[in-house]
Every structure is written in C-alpha cells, then in structure tokens.
Amino acid sequence: MESEEKPVKKPMTHEERLALAAKLDKELDEFIEKLPRRKYDEGWPEDRWEEEMEKHPFFMTQTPKPGQELHPLYEGLQQLKYDPDENEPEELATNYKEDGNFNFKHKNYRLAVVAYTEGIKIKCGNPEIEANLLNNRAAAHYFLKNYRSSLRDCETALRIKPGYDKALIRAANCCYELREFGKAVDYCDKILEKQKGNTAILDLRQESINAAKVKERDDRKKEAAAKRKAKEEEGIINEILGRGYNIEGGSKGHISIEKLEPCFPELMHNRVYLDASMSLVWPVVLVYPEYKIMDYIQQFSENEKFSEQLELVFEATPEWDEEKKYKSNNVNIYYETPRKRIVNVDLDKTLGDVLKMKEYIIKGGTPSFILLAKASPAEKRFLQEYSR
Amino acid sequence: MKEAITELAKFIQIGARLDLKAAALENLLGVTATEDGVEAIIAVPQLLVALVALLDDTSVPISKDASLCLINISADEKGATALIDLDVSKHCPPLQSPPLDIVNQALKNIFNPESRIADQCCMVLSNLSRPSHLIETVIEVIEKNDRSFEELINVFTKNQYNKHGAKLHYLGPVLSNLSQSHRVRLRILDKKLCVVQRLLPFTEYKDSLERRGGVVGALKNCCFETDFHEWLLSSEVDILPRLLLPLAGNEEFDEEDNDKLPLELQYLPEDKTREADPDIRCILLEALTQLVAKRVNREYIRSKNTYVILRELHKWEKDRKALAACENLVDILIRTEEEIGEENLKEVEVPPDLQEHLSKLDDEV
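Residue numbers (UniProt numbering), protein chains in the order written: chain A, 1 to 388; chain B, 1 to 365.
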C-alpha cells in the first residue's frame, strides 16, 4: 500500500485568521436574517405590566395570599428552598427561620409561628439555630398573647442554651403576664446575676413583687370572707337546731346550709339569717289557693306575730283580690302537716311559735302558709278536701 | 501548756500524716474550749497559721475540725484580734506555702458552692466582725477582695447557693455587724442595684434566728441613713410593711382599717404570730423610730395606719424594753404635726441640762 502523505498543517497567518473571522461573521448575519421574523410577545403586556410584575416572584412586594394563583417560577423557587433533598438540614432550618423573621417583621405572627415550627421540626442538630428558632417562636407567641406557649418555648430554648439572655427576659415577662410572680422574680434574679444594673429588669422584679402582694392580699381577703361566711352559717344552723325546728332534709343533729336556700327565685337573696338581737329572720311564702297566687314576705322575724305581718301584707288591697275580701282581719292562716292534716294558725302567735310545732316542716328554706278569706266559699271547698 | 501546744503545731501542718493530724486537731479543739486555752494558742502564731491553712485540707473532717477551732478562737475577743492581726507569711510553718488571711479564707469558702465548711466560715466571719475595733479592718479586706458586698448579699439571699447543705445563716450577723459602717450601708442602699430589696423577705424567716436577727439588725442600721428614708419607704423598696409584719398579730380589723394598711398587712390569717424574740421586736421598733424623723415620712407612715398595728402590739407586749420602744414610737405618731413642730426630729437641739436629766432617766429604765 502506498502511504499517503499526510498534509502538513501550516499554521494560519494573521491575514488568514482575520479573513476566517469575517467569513464566519457574515455567515452568522445571513443566518439570522433568514430566521422568521416575529414580534416578541412573551413579555408583559404594556397596559398591565405593573400587575404582571407584581405577580413575578422576583419582583413581588407582598407575600402571595392564600388562593392566589402562583407564578410557575414561584413553585420552582419554593422547591429549591424547601426541598430537603436540595438543602442541608441547617440550611433548611435557617431558611424557615428567615421566613419566620420576615413574617414577624410584618406582624404576621401566626405565619411566623408556622414557619418557626417547621424549622424546629427539622431538628437540624445545631444548638444555636434550634435555640434561636425557639426563642423567635416564643416572641411570636408573646405578641399573640399565648403566654404559656411562649414560656414553654423559652424554657426549651434555655435547656438547649442555658443563660440565653433573650429567652430569660422573655420568660420573666411571660411569668409576669401569667401572674406567676414568684417565677418571674426568679427569672429576673437570674438575669440580674449577669446584668446587675438592668433597669428594665429591676423594674419588672419590683412590679412582680408588688403584684404578688396584691394577689396575696386578695387571696387572704377571700379566705377571711369565706371563714366569716362559714361561721355565720354555722351560727344560723346552731340556732335552728337549738330551737328544734324541723327542716326538710335535715337530721336531728345536722342540717346543711343548702337545705336552707330559698327555693323560690323571688326570695333568692333572702335566705334565713340571724339579726342583731339573735332572732332568726325568715323568708316566707303565702299561698292563696282561691286565686292560685303566691305572695312573698322577704323578712319575717320569728319574734313577730302573724297579725303584725298581715297588717303589712294587706296594707293595700292586692290586685287579684276581685271581691276585695282579703283583709288583715278577715283571713285565716293554715299549714299542712306531713300527715295531710290542715292546721289553723292563731294570728296572735309569733312565727317562731308555729315553726316550733312538731308537725310544721320548713321546706326549701322557706316556711309557707295558706291564706283564705274567712267563711268564704273558697275556704269551705278547701277545707272539705282535707276532711275526706 | 505552751510547750504542749507548740508540739501539737508540728502535727497539724498540712503535709502531716492524716491520723496524727486528726488526733492533734481533736486535742486542740478541746483546748480552744477554754479562755486560757485560747490565750495559750494565740501565743503561738505558727499554730494559728497552721489552722488557717488547714481550711484548705482535702480531708473534710480535718478542715471541719480546723474551722471549729477557729470558731472557738474567734469567739474570744483576743482570739479574734490575734487572727485579724496574724501575719500569715511571717509565721507560716515550714514546708508549706502561706495560706490566705483568715477573712479571705472564710470568703473563699463562702463563695464556693462546693465548700463543705461554708457555714463554719460564716460563723468565723461573724465572730471576727463583732468586736467594734475590728470592723473596719474586716471591711477593708472584703473590699479588696474581688467580690463585692452585693455579691455577698446575693449568696446570702439565694436559695440553696451551697450544694452541700450549708445554709449560710450566719452571714446575717456578719451583715448586721458590718452595717455599723457608713460605707457598708451605702453599698447595701445602692439604688442602681437590687441589694436591700433582697434582704426584706427575711424579716419573717422562721427557720433561723441568726438570719432573721442579722437582717433586721442590718436594716435598722440602714435606717440611720436619713437621706435614704424616702427611697426606703417608696414602692421601689417599700420597707415599712416588712418592718411591721413581724410586729403584727392575728387581730382582725374592720374593712376600713384593713384597706388603709399596707398590702402585706391586710386580712392577716388567724394563725399569724408575732416575732417571738423581744430583742428583735425592739430593733424593729427602733428602725421604725428612725424612719419617722422627717415630717413627710411621718405623715406617710401615719397614713398607712401604722398606729393600729402598734396599738395591738402594745396590748400584747410584755417585755419592758419593747413596750417602752413601742410607746415612744406611738407617741410620735399620735401627736399632730403642730404639736411636733419640727420637720426633722434628728435636728432638734436638746439643751444640755435636759440631756443630763434624760440620760439619768434612761439609766433608770
């Protein structure tokens, strides 16, 4: 075989190089000229360019609202930012933290909490970042007035980074808002160990101490009032037991105060009490079977006679008294015994005299009596029921 | 005795054999129990230095025994003086480096949360600060130390500062003693820090007479700083209720009276008891008497219904000195300002013949 002589490549001369460049330029121009001409219409329409710009992730000035259609670029960027495969945990956590901070700056505290929570969930392992996320979430919670959640985040942050000043300060404030003043003072003291002259903390400490004083005073006042009330109730019960009244639901040696609560809403505030002369003053209900009416006496002292009370009751003619026959000198008072007997009350007797009767039972903390006009047909009918 | 004691000195050097050290210390402890024994010991400065050095001994029983010896020695005024004046480098036993001086050794243990002899060191310091001629020196040493009074009070008032059960109650008397100095009072009354406020809760501290008495004593001394009265009575400190609370019993007042009282004294429960120690009651009354020197503060204290508390105290009080102090204070509170006529009771000039007459009456009490 004949060996071919390989042509030896001669190096280009300067002129040849220039000529080649010019030729290539010309070919490129011709190529571009030959391309189809079209108007560029992939840009933003002239009349709506601001609107379109606002939607573009690079140029938007506000965070997209939920439900808003998102630019495809946005989704891409999100993926880049949040994809765990694309990001190291620390980077990811920091990204979420920055998101949270952005929301925080714009006072979107709930969104900030969400962002920080995502960052915390990653457990990136870097204590600085983790403590930071917790502290920032604590701050967001604080502005949302979720003081307990805020305190919890502060405490967690402090476990990771003990002595974390910002967390300590926020914890102190949370405790104050939660009215846990002792804990607030403790946190203040921890801060003051390192920042002795911190006036804000000194003030918070003193305010917590003062607020605690008020709280303790209020507790003691409540306690004193409760004790007084209990003593008063005990006194009443002892007097009732001593007089031997029969209370429904009570036993020989014991009555609970609930059994003395008036069962009628109209007499709600008139539970029996002991007045200055050590007499029991009762709420009393008067029943008028003729007209199916009930009348209430708020305060009937056991030392008062029935006749005296009736004067007051019938000072004015009651409106339901059609025949105008119910008068203080024209009524009979009765009570019903457990054995379904009817007993007439002597108007000259006091309330106490009647309550003492073995067969008189005080029900619902309110002695009750039946009133009928003397010798009226209604009275006759009523009494007949009992003689059967 | 001196020869025997000098012999003992050899065995209690820090490098000595443990069993010998222990036995020698035990012996020495017995010697420190008597006044003669203490006198003999302080005649041998090397022994004192050895004891001070043994506070650093790694064996806890040894350092404890050494501290107990020092407590006994310092309880004696001559012993205390000897310890304060002790030149640790000059009299250092051979083969060991000189320890810190006694005050610094004590402070070191007090500030060390791991120390097992912190309480004992408090007692030593308490003894050393009692003789009035030693107070200034002790204060100077403490000030040169890189820890401040404020830090000392911090350690005193912190809950469970010492990790081995030391309560540091005897810092109470230390403070009470040292607050006799104006310089120390100014440290306690530092308006920019939180110092005196930390002491206030302890006026009702039931678990230690020393702590409670020490705090009350320190507070009383602070009340001699007339310039600070308004601040002490203001809400920034609010010393009045803390001084009155131990003097109040469980007597019930009606709502009107209660509402005028300071918050801490309103609606006191049935089980409230008064301060049991009459001396402390006296000191509290003396502190209050200081605070009524100026008219504006008198009016404030009157407005807080202080009178009813003192009235009930007077009915209950049996101790003569306390009764007198109570009457004195009530007297000032009851009188109207026209009757008193003076803006500042401390500036009243008592004519010399009256002074003589009054001091004669005082002596009779």
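Idealized CB from N, CA, C, for every residue including glycine.
When only Cα atoms are considered, Glu-252(B) and Pro-99(B) end up about 58 Å apart.
Not a single unbroken stretch of the beta strand (DSSP E) spanning 3 or more residues falls wholly within the stretch 67-129 of chain A. With respect to the 8 Å criterion, Pro-289(A) and Leu-372(A) are classified as neighbours on the basis of their beta carbons. Nearest C-alpha to Cys-194(B) among Thr-157(B), Asn-145(B) and Leu-47(B): Thr-157(B). Nearest CB-CB separation between Leu-152(B) and chain A: not below the 8 Å threshold.
With contacts defined by Cβ atoms closer than 8 Å, Thr-203(B) and Pro-269(B) do not form a contacting pair. When secondary structure is reduced to three states using DSSP, Pro-93(B) falls in the coil class, being assigned neither helix nor strand. Taking C-beta separations shorter than 6 Å and ignoring five residues to either side along the sequence, the partners of Val-60(B) in its chain run Arg-116, following chain order. The residue among Asp-277(B), Glu-255(B), Ile-280(B) and Pro-241(B) with its C-alpha nearest the C-alpha of Leu-265(B) is Pro-241(B). Counting only runs that start and end inside the UniProt domain "Cns1/TTC4 wheel" (275-384) of chain A, the beta strand (DSSP E) elements of at least 3 residues fall at 280-288, 293-301, 331-336, 342-345 and 368-373. Check the Cα spacing between Asn-328(B) and each of Asn-112(B), Lys-360(B), Ala-293(B) and His-357(B): the tightest is with Ala-293(B). The beta carbon of Glu-118(A) sits closer than 6 Å to those of Tyr-96, all from its chain and outside the five residues before and after it, given in chain order.
Annotated as distal: Arg-217(A) and Leu-345(B), with beta-carbon spacing of 8 Å or more. Across the set Lys-90(B), Ile-332(B), Glu-349(B) and Glu-343(B), the C-alpha of Ile-332(B) shows the shortest separation from the C-alpha of Glu-286(B). Tyr-273(A) is bridged by DSSP to Val-281(A).
Apart from the 5 residues on each side of it in sequence, Phe-143(A) sits with its Cβ closer than 7 Å to the Cβ of Tyr-109 in its chain, given in chain order. According to the DSSP assignment, Gly-217(B) belongs to the alpha helix (DSSP H) that extends over 209-222.
If you draw a straight line from the Cα of Leu-28(B) to the Cα of Leu-70(B), it is about 10 Å long.
Nearest neighbour of Asp-353(A) by Cα position, chosen from Pro-338(A), Val-313(A), Phe-104(A) and Phe-300(A), turns out to be Phe-300(A). Asn-210(A) reaches chain B at Ser-235, Asp-238 and Leu-263, counting residues in chain order whose Cβ is nearer than 9 Å. Contact check for Ile-12(B) against Leu-55(B) fails: the beta carbons are separated by 8 Å or more. Counted as a single uninterrupted DSSP element, the alpha helix (DSSP H) harbouring Asn-127(B) occupies residues 118-128. Between the stretch 298-308 of chain B and the stretch 274-281 of chain B there are fewer than three C-beta pairs closer than 8 Å, too few to call the two in contact. Annotation: Arg-274(B) is outside any alpha helix (DSSP H) and is labelled neither H nor E by DSSP. In the three-state scheme derived from DSSP, where H, G and I count as helix and E and B as strand, His-254(A) is classed as strand.
Between Phe-228(B) and Gln-290(B) a beta carbon distance of about 11 Å is seen, past the 8 Å cut, so the two are scored as non-contacting. Any Cβ of chain A closer than 8 Å to the Cβ of Tyr-267(B) would place that residue at the interface, and such an atom is present. Under the Cβ distance rule, Cys-223(B) does not count among the residues neighbouring chain A, no pair being separated by less than 8 Å. For the pair Val-88(B) and Leu-128(B), the CB atoms are not nearer than the 8 Å cut-off. Residues of the stretch 187-217 of chain B that bring their beta carbon within less than 8 Å of a beta carbon in chain A comprise Lys-192, Leu-193, Cys-194 and Gln-197, in sequence order. By the neighbour-count definition (other C-beta atoms within 10 Å, threshold 16), Cys-326(B) is a buried residue. Contact annotation, Ile-283(B) with Val-216(B): C-beta distance approximately 5 Å; criterion of less than 8 Å satisfied.
The residues Val-196, Cys-222, Glu-225 and Phe-228, in chain order, have a CB closer than 7 Å to that of Leu-189(B) in the same chain once the five nearest residues on each side in sequence are set aside. Ile-247(A) is bridged by DSSP to Ile-362(A).
Looking at the backbone, the Cα of Glu-359(A) and that of Pro-338(A) are separated by about 7 Å. Within chain B, no C-beta atom comes nearer than 8 Å to that of Glu-88(A); the closest sits roughly 41 Å away.
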